[in-house]
Amino acid sequence: AGAKVVAEYDVPEDAWYFDDNGFRTMPFAVLLEAALQPCGWLSSYVGSALTEQGELGFRNLDGEGILLAELHDDCGTLTTEVELTAVSATAGMIIENFSVRCRLSDREVYKLDTVFGFFPPAALANQAGLKNDPVHQELLLRESSASIDLTTKPEAYFTADRPQLAEGMMLMLDRIEGHWPNAGIAGLGQLRAVKDIDCSAWFFKAHFFQDPVQPGSLGLEAMLQALQFHMLQTGMDQGIDNPRFEPIALSRKHSWKYRGQVLPKHSRVHTTLEITEIGRDESGVYALANASLWADSQRIYEMAGVGMRIVAGLAYADAQ
15 AGAKVVAEYD VPEDAWYFDD NGFRTMPFAV LLEAALQPCG WLSSYVGSAL TEQGELGFRN
75 LDGEGILLAE LHDDCGTLTT EVELTAVSAT AGMIIENFSV RCRLSDREVY KLDTVFGFFP
135 PAALANQAGL KNDPVHQELL LRESSASIDL TTKPEAYFTA DRPQLAEGMM LMLDRIEGHW
195 PNAGIAGLGQ LRAVKDIDCS AWFFKAHFFQ DPVQPGSLGL EAMLQALQFH MLQTGMDQGI
255 DNPRFEPIAL SRKHSWKYRG QVLPKHSRVH TTLEITEIGR DESGVYALAN ASLWADSQRI
315 YEMAGVGMRI VAGLAYADAQ
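Counting from 15, one number per residue, gives the positions in the sequence shown under this note's numbering.
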């Protein structure tokens with residue numbers, strides 16, 4: 015504990031994820047990877063895995079952060095400062111806490127605290143997932159009320175005069191299976207989406223060497239895209255000039271928890287969503303939701319109070 019690292023990422027102006035995103039800002043999942051990968055480097059550098067016999071898998075467990083500014087394709091170098099703040103080891107597992115700050119020049123753009131763990135293969139193979147109460151289960155198993163294939167780019171969600179969903183490699187939803195706009199405790203809506211797992215998908219190959227797992231950040235991106243769909247489906251963009259989505263609601267805390275993994279052996283991933291609040295602030299209209307991600311019916315990820323906002327689509331130069 016106390017070890018620190020400073021990592022730099024020279025953001026390419028022509029990076030594929032700017033092209034695939036609905037607006038030319040860095041997707042939240044990409045920024046999250048840029049923030050979390052130095053944590054893994056620092057864990058390796060201080061020799062954490064050398065304290066145990068045998069192989070260990072490295073996994074993010076949870077985190078809480080706040081995005082303060084968007085990153086555009088001409089943002090330059092993203093500097094990430096990471097401090098290892100606490101380390102504990104028990105039963106062959108090592109848990110490590112990190113404080114992370116990301117900035118562009120002297121401007122702080124993202125700050126978070128996060129927890130990682132080193133786990134033996136048996137522990138990873140026997141993860142029990144998150145608590146699955148009857149409310150979660152009912153939404154997962156409820157009879158479908160819709161069938162919207164997002165891979166065909168329906169005009170309602172991929173048109174220039176509305177906020178657009180991501181496409182190509184950044185689109186993390188294949189279909190909308192159900193949308194109940196007045197359901198849920200708050201009566202503001204529930205949603206269920208699905209992605210079929212392709213064992214040759216790009217993200218399995220992009221994960222740790224010989225450890226093909228869907229990065230958790232892409233599961234969070236699926237939740238954000240589901241929330242974006244709900245906002246489009248309910249017309250929350252109406253009355254906004256050149257509306258577009260933020261990567262995630264700026265200046266609002268978000269948190270996540272992982273208790274499982276999406277592997278090439280899985281068949282299907284579901285994302286379920288319950289809207290908890292909608293409103294308007296000085297920046298635009300927003301929606302908050304509680305979201306879960308399921309791998310073959312096991313609930314493994316959750317985000318509580320995750321937010322998405324639609325804002326007027328100023329060009330980056332104008333926004334400055």
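Each residue gets a CB set at the ideal place from its N, CA and C atoms; glycine is no exception. Fair warning: this is a prediction, and the values are worked out from it, not measured in the lab.
Quickly, what does DSSP pair residue i with across the bridge? List them, please.
i, result
"I109", "S102, G131"
"Y124", "L81, C116"
"R323", "Y300"
"T94", "A21, C116"
"G293", "Y300"
"A305", "L287, M317"
"Q228", "Answer is none; Q228 lacks a bridge partner."
Using DSSP with H/G/I as helix, E/B as strand and the rest coil, what is residue i?
i, result
"G182", "helix"
"H2", "As displayed, the chain neither begins before 15 nor continues past 334, which places residue 2 out of reach and without an answer."
"G71", "strand"
"L138", "helix"
"D76", "strand"
"D251", "coil"
"T39", "strand"
"D163", "strand"
"G61", "coil"
"H244", "helix"
"Q334", "With a pLDDT of only 37 at Q334, under 50, the local geometry of the prediction cannot be trusted, and no value is derived from it."
If distances are taken between C-alpha atoms only, which option among the options comes closest to residue i?
i, options, result
"H268", "P226, E316, T99", "E316"
"Q228", "A43, E22, S159, L302", "A43"
"W194", "Q252, S158, R176", "S158"
"L64", "F133, D295, T128, A139", "F133"
"I80", "T128, L70, S119", "T128"
"Q275", "L264, E169, F217", "F217"
"S306", "E288, R294, G293", "E288"
"L187", "T99, L232, R294", "L232"
"V123", "L179, G90, L154", "G90"
"E235", "F259, L185, N196", "L185"
"M40", "D76, E260, E69", "E260"
Between residue i and residue j, how many whole angstroms is the CB-CB distance? I'm expecting something under 8 angstroms.
i, j, result
"E95", "R121", "With 8 angstroms as the limit, E95 and R121 do not qualify as a contact, their Cβ atoms being about 13 angstroms apart."
"G230", "N74", "6 angstroms"
"D87", "G182", "Not confirmed; about 16 angstroms, so no contact."
"A48", "L92", "6 angstroms"
"Y300", "F243", "Not confirmed; about 15 angstroms, so no contact."
Just to confirm, does residue i get its C-beta within under 7 angstroms of one of the non-hydrogen atoms of the ligand NAD?
i, result
"Q51", "Ligands displayed in this structure: none; no statement on the ligand NAD is therefore possible."
May I ask which residues mark the beginning and end of the beta strand (DSSP E) holding residue i?
i, result
"V5", "Here the chain covers residues 15 to 334 and nothing more, so residue 5 does not appear."
"K271", "268-272"
"P257", "257-259"
What span of residues does the alpha helix (DSSP H) with residue i cover, start to end?
i, result
"F217", "216-220"
"H150", "148-155"
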